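2 protein chains.
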Amino acid sequence: MKKIRIAVLGAGGLGKACLDVVKKKKEAKVVAICDSAGYLYSEKGIGSEDLRKFKPSKDSIGEIIKLKDKYDGIFVALPNLPNEFIPSVVKRFTKRGYNGVYTCALKRTSAIKLMMKSDAALKKNRSVYIAGCGATPGLLSAAAVLAAQSFVEIEDVNIWWGVGISNWDTYRATIREDIAHLPGYTVNRAKRMRDSEIERLLNRTDGKLELREMEHADDILLKRVGVVDSLRKVSVGGIMDTRHAKKPVSTTMTLTGTTFEGKRSSHKFILGDETSMAANVIGPALGYLKRALWLKEHKIYGMFGSTEFMPMILK
Amino acid sequence: MKKIRIAVLGAGGLGKACLDVVKKKKEAKVVAICDSAGYLYSEKGIGSEDLRKFKPSKDSIGEIIKLKDKYDGIFVALPNLPNEFIPSVVKRFTKRGYNGVYTCALKRTSAIKLMMKSDAALKKNRSVYIAGCGATPGLLSAAAVLAAQSFVEIEDVNIWWGVGISNWDTYRATIREDIAHLPGYTVNRAKRMRDSEIERLLNRTDGKLELREMEHADDILLKRVGVVDSLRKVSVGGIMDTRHAKKPVSTTMTLTGTTFEGKRSSHKFILGDETSMAANVIGPALGYLKRALWLKEHKIYGMFGSTEFMPMILK
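Chains U and L are the protein sequences, given in the same order. So the first sequence is numbered by the numbering used here: it starts at 1 and just counts up by one. So the second sequence is numbered by the numbering used here: it starts at 1 and just counts up by one.
Below, the structure written as C-alpha cells:
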C-alpha cells in the first residue's frame, strides 16, 4: 500500500502534534514540515524527534514548494497569522503548479472568507482545499450539520469549549489566536505581545481565559450549507485554562431547533474531557485530508468548507 | 427552482411522517407513495391528508415503477419485511431502467448486507443507493464517524436509544421490527403476530420493550469505513415505551477510544428528548437523499452506507 505523503506547514504545537498522530497511522507519513525559520524533508517520514534537524531557510515555504511532487496533501497548521497569509501561500503553491490537496485548521471567519476566494485558482489546478478542519470549525460544526437533520427550523448553534493545557508556551500561537478574540485585542496586537506580557495577562485571571462571541468561521461554514440562515444564530466561546491539563468545562456543541411536529429540542455533541485540543484538531484535519484526496480522485475540485463533507477515517 | 420529486415506498407511520416533513420543505415534494394495498401519484405534491385517495392495486410497486420518469429519488420506508424484499424491489426498478437515487431506513445488518450486493446493478444504471439513513443506523452511526476522528484506537461504539410513542399502533411495522429483536422472536414471527398478541406482550411489560445486542447495521456500516475493525465493537440497544410519548431514556451514541497521547475517553452525541423517532429518521433520510442526488450529479454511482457521507441540508 502506498502511504499518503503529507507536508505540514507550521512546526508549533499543532505541527508537532500532527507528527505524533501520523506516527500512529499506517496509511500516511509526514514527509515535509516547515516553520518561519526552516524546513525538513524526509521521504521515510518525519517524527517529532527529527525536528532538531531543521535546515535553516529564509524562505522555507519556497523550499516546500520546490518539493511539490514529493507529497500528496498539505496540512496548514498555522494559527495566529494575518488573514491574507494563508491565501497568499496557496497562491504561491498554485502558481508553481502544485495540484494536490490542502486542509487547514484556520478558525477566524474573516480568514476563511478570504480563503474562499481561491476557488477558481484551485479548480484550474485540479486541487482541493477543505477549510476549517480542526475542532471548531471542523469536528463540532460538522456535528451541527448532523444534528440539524432532525429539525425543520434551526434556532441556534452554540459551541462552548473547554481547553486545559498545563503549559501555555507549548501552544504559543494558539493562545495568541485566542487572546486576539478578547475585548480590546486584535490578531496583530496578540501576535506582537511578548511572552512576559502574555504571562502578566494570564496572571490576572489565574491562568484562565474566558472568550465569548468569538469570530469563528463555524458561522459562515454552517450558513454555506444551509444549517442557519443568519450568522447571528451561531455562537462560539469557551474557557481556556493555561495552567491545568484538566478542562475547565466539557466542550459541547448544542443545536436547538423545532421538529416537524412543532417540538422544540436540542441535540448535543460532547467531547470527552480527557481528549486534548491537539487530538480534536489534528484527527479531523487528517480525516478531512483523506476526504480531500477522495474528492480529487473523483475529479471534484475547488474550495470547500468542512461542513460540506464527512471526514474519512485515516487508518 | 425545480423541486426534488420524491417517491415514498411505504405508507405506514414513517411514510406518513415523511409526507408531513416534506410539506415543510421548499426544495422538495412527494409526488408518489404506495403501500401493499395501493398507490397515489400527484405532480403537485402529496400531503398526509391525501392518503385516503389511494388507488387500490395488486402490484402497487409496479405502478410506481411505471411512473419512473416522474420522480428523482425514492425513499424506502418499509420496516419489518423479509431481508430479500428491498433488494428484490430495487432489482425491479433497475430492470426497468430507473436511474434515479434511493435512500432507506433499513436497520437490520442482514438486510443491508444483502442490499450491498446490488452495487453492480446500480452502477450499470447510473443510480445511487445510500443504505441505513434513519436514526440508527444513520444519524447516530454518522455521529460515530465524526467522534472517531479524535482517537487513534477505537474501543467501542455504544448506541442506546429511548423511544416513547403514546399509541403503539401508529407504528405497527416499526414495533414489530423491534419485537423481532427480542429473545425467541424472529422477523417472520413478529410480522405474523396479531395486534391482540402484541397488546398481550406489551401488557406483560407495562408497555415497555427493552432491547439489547440488536442486529442493527451500524456495525457493518462502521466497519466498512474503518471506525471499528470488528463488528463486536458496536452495540445497539434501547428502551421503547409504547404508552407514553416521553422517552424512557435519552438516545445517546457513545464512542470510547484512546487518543494519540494514550488518553482513554468518550465522545457523546445525545438527541434531545423532545425529538420523536419520526423526526430523527425522516430528517436524515431526506438529507441523505439530497446527498445521493449530489453523488449522481458528480457521476459517482453505486451502493453506499450512510457512514460514508455527510447528509446534506434539505431546505
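Cβ atoms here follow ideal geometry from the backbone N, Cα and C, with glycine treated the same way. From a predicted model like this one, the values you see are computed outputs, not experimental measurements.
Between the region 207-223 of chain L and chain U, which residues of the former have a C-beta closer than 7 Å to a C-beta of the latter? none
Do we get a CB-CB distance below 8 Å when we pair U/Asn280 with the residues of chain L? The count along the first sequence starts at 1 and reaches residue 280 of chain U at position 280. Output row for U/Asn280: interface = yes.
Residues, ordered as in the chain, of the region 12-39 of chain U that lie near chain L by beta-carbon distance below 7 Å: Asp20, Val21 and Lys24
Hey, does U/Asp241 have any beta-carbon neighbour from chain L nearer than 8 Å? Position 241 of the first sequence, counting from 1, holds the residue named residue 241 of chain U. With 8 Å as the cut-off, U/Asp241 does not count as an interface residue toward chain L.
Does any CB atom of chain B fall closer than 8 Å to the CB of L/His298? Checking the listed chains, one finds no chain B in this structure; the protein chains it contains are U and L.
Give me the Cα-Cα distance between U/Lys247 and L/Ser276, rounded to the nearest whole angstrom. Your numbering for residue 247 of chain U matches position 247 in the first sequence. Your numbering for residue 276 of chain L matches position 276 in the second sequence. Distance between the alpha carbons of U/Lys247 and L/Ser276: 33 Å.
Taking the alpha-carbon positions, what's the U/Ala245 to L/Asp169 distance? Here the question's residue 245 of chain U lines up with position 245 in the first sequence. Here the question's residue 169 of chain L lines up with position 169 in the second sequence. When rounded, the distance between both Cα atoms is 52 Å.
Would you mind giving the Cβ-Cβ distance between L/Thr307 and L/Val187, rounded to the nearest angstrom? I have them listed as a contact below 8 Å. In the second sequence, residue 307 of chain L corresponds to position 307, counting from 1. In the second sequence, residue 187 of chain L corresponds to position 187, counting from 1. Going by Cβ atoms, the distance from L/Thr307 to L/Val187 rounds to 23 Å, so no, they are not a contact pair.
Distance, L/Val21 Cα to L/Tyr39 Cα: Locating residue 39 of chain L in the second sequence gives position 39, counting from the first residue. Locating residue 21 of chain L in the second sequence gives position 21, counting from the first residue. For L/Tyr39 and L/Val21, the distance between alpha carbons rounds to 19 Å.
For U/His181, go through chain L and note every residue whose CB falls closer than 7 Å to its CB, in chain order. What you label residue 181 of chain U is simply residue 181 of the first sequence in a count that begins at 1. Correct list: empty, because the minimum Cβ distance to chain L is about 23 Å.
Give me the DSSP bridge partner(s) of L/Ser210. The residue you call residue 210 of chain L lines up with position 210 of the second sequence. According to the sequence displayed, residue 210 of chain L carries Glu and not Ser. Looking at the DSSP assignment, L/Glu210 forms a beta bridge with L/Ile239.
Flag U/Asp273 as yes if its beta-carbon sits less than 8 Å from any beta-carbon of chain L, otherwise no. Position 273 of the first sequence holds residue 273 of chain U. Output row for U/Asp273: interface = yes.
With DSSP as the reference, label U/Tyr98 as helix, strand or coil. Reading the first sequence from its first residue, position 98 is the one you call residue 98 of chain U. If DSSP states are grouped into helix, strand and coil, U/Tyr98 belongs with coil.
Closest Cα partner of U/Lys58 within the set U/Glu213, U/Ser110, U/Asp35 and U/Gly13: Within the first sequence, the letter at position 58 stands for residue 58 of chain U. It is U/Asp35.
Given 8 Å as the limit, is there contact between the region 279-291 of chain L and the region 192-204 of chain L, that is, 3 or more CB pairs closer than that? no
For L/His181, count neighbouring Cβ atoms within 10 angstroms of its own Cβ and tell me buried if that reaches 16, exposed if not. Along the second sequence, one-based indexing puts residue 181 of chain L at 181. By the 10 Å Cβ count, L/His181 comes out buried.
What residues match up with U/Val234 in a beta bridge as DSSP calls it? Walking along the first sequence from the start, residue 234 of chain U turns up at place 234. Per DSSP, U/Val157.
Interface residues of chain L around U/Ala144 at Cβ under 7 Å? As a first step, residue 144 of chain U is located in the first sequence; it is residue number 144 there, counting from the start. Result: empty, since nearest Cβ-Cβ is about 10 Å, beyond 7 Å.
Candidates L/Val157, L/Gly15 and L/Ala120: closest to L/Thr256 by CA position: For the purposes of this step, residue 256 of chain L is identified with residue 256 of the second sequence, where counting begins at 1. When only C-alpha atoms are compared, the closest one is L/Val157.
Run of the alpha helix (DSSP H) containing L/Cys34, from where it starts to where it stops: One-based indexing of the second sequence puts residue 34 of chain L at position 34. Per DSSP, L/Cys34 belongs to no alpha helix (DSSP H); it is in the beta strand (DSSP E), Ala28 to Cys34.
Following a CB-centred definition, is L/Glu297 positioned closer than 7 Å to any heavy atom of the ligand HEM? Among the components of this structure there are no ligands whatsoever, and the ligand HEM is therefore not found.
So does the region 92-105 of chain L actually touch the region 114-127 of chain L, counting three or more Cβ pairs closer than 8 Å? yes
Length of the line joining the Cα atoms of L/Phe309 and L/Lys223: Position 309 of the second sequence, counted from the first residue, corresponds to residue 309 of chain L. Position 223 of the second sequence, counted from the first residue, corresponds to residue 223 of chain L. Between L/Phe309 and L/Lys223, the C-alpha separation is close to 14 Å.
L/Ser235: which of L/Glu49, L/Ala11, L/Thr136 and L/Lys55 sits nearest, CA to CA? Here residue 235 of chain L corresponds to residue number 235 of the second sequence, with the count starting at 1. The shortest C-alpha separation from L/Ser235 is found at L/Thr136.
In whole angstroms, what is the alpha-carbon distance linking U/Met240 and U/Ser230? Along the first sequence, read from residue 1 onward, the residue named residue 240 of chain U stands at position 240. Along the first sequence, read from residue 1 onward, the residue named residue 230 of chain U stands at position 230. Looking at the two C-alpha atoms, the distance is approximately 27 Å.
Would you please verify whether the beta carbon of L/Lys268 is less than 8 Å from any beta carbon of chain U? Position 268 of the second sequence, counted from the first residue, corresponds to residue 268 of chain L. Judged by the 8 Å Cβ criterion, L/Lys268 is in contact with chain U.
I'd like the span of the beta strand (DSSP E) that includes U/Ile6, first residue to last. Counting from one through the first sequence, the residue named residue 6 of chain U turns up at place 6. Segment Ile4 to Leu9, the beta strand (DSSP E) holding U/Ile6.
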